[in-house]
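*Asks:*
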Amino acid sequence: MKFDARTIEAINACIRLFLVRVDELHTGLFLLVVPLFLIVVGAAALAVVAIAAAVFLVAGALGVILLARRGINAAAARSAAARAVTT
Numbered sequence: 869m870k871f872d873a874r875t876i877e878a879i880n881a882c883i884r885l886f887l888v889r890v891d892e893l894h895t896g897l898f899l900l901v902v903p904l905f906l907i908v909v910g911a912a913a914l915a916v917v918a919i920a921a922a923v924f925l926v927a928g929a930l931g932v933i934l935l936a937r938r939g940i941n942a943a944a945a946r947s948a949a950a951r952a953v954t955t
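The opening residue of the sequence shown carries number 869 in this note's numbering; numbering runs sequentially from there.
1) DSSP state of PHE924, grouped into three classes?
2) Determine the contact status of PHE886 and PHE898, defining contact as a CB-CB distance below 8 Å.
3) In this structure, how does DSSP classify GLU892 when only helix, strand and coil are distinguished?
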């Protein structure tokens, strides 16, 4: 997954803005806010991974369905084909 330079700069600007504001806080609040920030970022990353896994599973399920349809159609065509009569 590629990000362009503008996206990376926007993310860096948000992080810099957040860290500058946190630096102005009392030390106790600083120690409280940083872990919360890490938890939120971790939850966002986990959500992205969960969405990617769901997309992967849906694509796999569609592949299995299409493969099964192909096999069923081939079996139906074979059973409908005229057979040679042997005596």
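Quick reminder that beta carbons are idealized off the backbone N, C-alpha and C, glycines included.
*Replies:* The relevant details are as follows:
1) helix
2) no
3) coil
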